[in-house]
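Asker: So the sequence shown is numbered by our numbering: it starts at 900 and just counts up by one.
Note that beta-carbon positions come from the ideal geometry of N, C-alpha and C, so glycine has one too.
There's a structure below that I have some questions on.
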Amino acid sequence: MINNLHSRNRGLQLVLKLYILFFLGGCVSLPSEPFRVEPIKAELLLKDICKQNNIYWQWDSISQVVTLNLPRGEAKLLVGSNIVLVAGTEIILDEPIRISKSSVVVPQDFEIKVIGDLIVRSMDIDKCILQKVQSVVIDAGHGGKDSGAIGRSGIYEKHVVLDISKRVKKILQRNKLKVVMTRDNDDFETLKRRTEIACDEKVDIFVSIHANSSLSRSASGVEVYSLQDLD
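Next comes the structure, spelled out in structure tokens:
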């Protein structure tokens, strides 16, 4: 009876040892490394960047070419490519430009490499010569045989800018300014004639009004070019 009890104990000890060796032998200690969660990068939409920096742009959905008008020259982008041409200079981006939900998406380094140091700088008021404006020439672009851009619905740029010009004229006249129009109707005036009108009237400001066309429905905003001293 005692021999049977000893035999049973030895059997239990053997089974326990085999159990421990089987399970512990299959365990491997893993190096303790912190669990990293990669942050999700927000998509950079080209339309948002251009809006923030007052840049005119358009996207040709057929050729997949995107054009930007930058101060240092025209920039050309191709959807699916990471190469950008700015005034003939090639810029390589980290990732290709792509389309997401009908919007042009650019990589994270686009704004730094392409837009660069484009910053709207405030002028030093002490260096400015303030002049009271008393007279303005408003030049409604195109006219007559020159229709300008033609919209999808068939509307002509020459009609749009003439309407805008007449509205601006009324606003300025209400503020006691002298206003001269290069054209009051659908007439064609040469560029030489338009400048002659401005010089003959000896006005303070010459404003030419145009309306840009774009293949992108998301294009919006105002584009302004001004003459500045080059010294």
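Are the CB atoms of Ile1037 and Lys1068 nearer to each other than 8 angstroms?
Answerer: Mapped onto the sequence shown, residue 1037 falls at position 138. Mapped onto the sequence shown, residue 1068 falls at position 169. Yes, the pair counts as a contact, with Cβ atoms nearer than the cut-off.
Asker: Give the straight-line distance between the Cα atoms of Arg1073 and Lys1000, rounded to the nearest whole angstrom.
Answerer: To locate residue 1073, count along the sequence shown from 1; it is residue 174. To locate residue 1000, count along the sequence shown from 1; it is residue 101. Taking the straight line from one Cα to the other gives about 46 angstroms.
Asker: Going by DSSP, what residues sit across from Gly1042 in a beta bridge?
Answerer: As a working mapping, residue 1042 is identified with position 143 in the sequence shown. Beta-bridge pairing links Gly1042 to Asp1045.
Asker: Which residues bound the beta strand (DSSP E) around Phe994?
Answerer: Numbered from 1 along the sequence shown, position 95 holds the residue referred to as residue 994. A small fix is needed here, since residue 994 is Glu in this sequence, not Phe. Taken as a continuous stretch (DSSP letters only), Glu994 belongs to no beta strand (DSSP E), as it is neither H nor E.
Asker: Work out the CA separation of Lys1057 and Asp1085 for me, nearest whole Å.
Answerer: The residue labelled residue 1085 in the question sits at position 186 within the sequence shown. The residue labelled residue 1057 in the question sits at position 158 within the sequence shown. Approximately 8 angstroms between the Cα atoms of the pair.
Asker: Three or more C-beta pairs closer than 8 angstroms, one from the region 1089-1099 and one from the region 1046-1066: is that the case here?
Answerer: At 8 angstroms Cβ cutoff, the stretches do not touch.
Asker: If distances are taken between C-alpha atoms only, which option among Leu969, Gly1042, Lys1031 and Gly1040 comes closest to Lys1012?
Answerer: Position 113 of the sequence shown, counted from the first residue, corresponds to residue 1012. Of the candidates Leu969, Gly1042, Lys1031 and Gly1040, the one whose C-alpha sits nearest the C-alpha of Lys1012 is Leu969.
Asker: Val1003 lies in the alpha helix (DSSP H); which residues open and close that run?
Answerer: Here residue 1003 refers to the residue found at position 104 when the sequence shown is read from its first residue. Looking at the DSSP string, Val1003 is not in any alpha helix (DSSP H); the run it does join, the beta strand (DSSP E), is Ser1002 to Val1005.
Asker: What separation, rounded to the nearest whole angstrom, lies between the Cα atoms of Pro995 and Val1003?
Answerer: Along the sequence shown, read from residue 1 onward, the residue named residue 995 stands at position 96. Along the sequence shown, read from residue 1 onward, the residue named residue 1003 stands at position 104. Approximately 11 angstroms between the Cα atoms of the pair.
Asker: Per DSSP, which one or two residues make a beta bridge with Asn968?
Answerer: One-based indexing of the sequence shown puts residue 968 at position 69. Paired residue(s): Tyr955 and Glu973.
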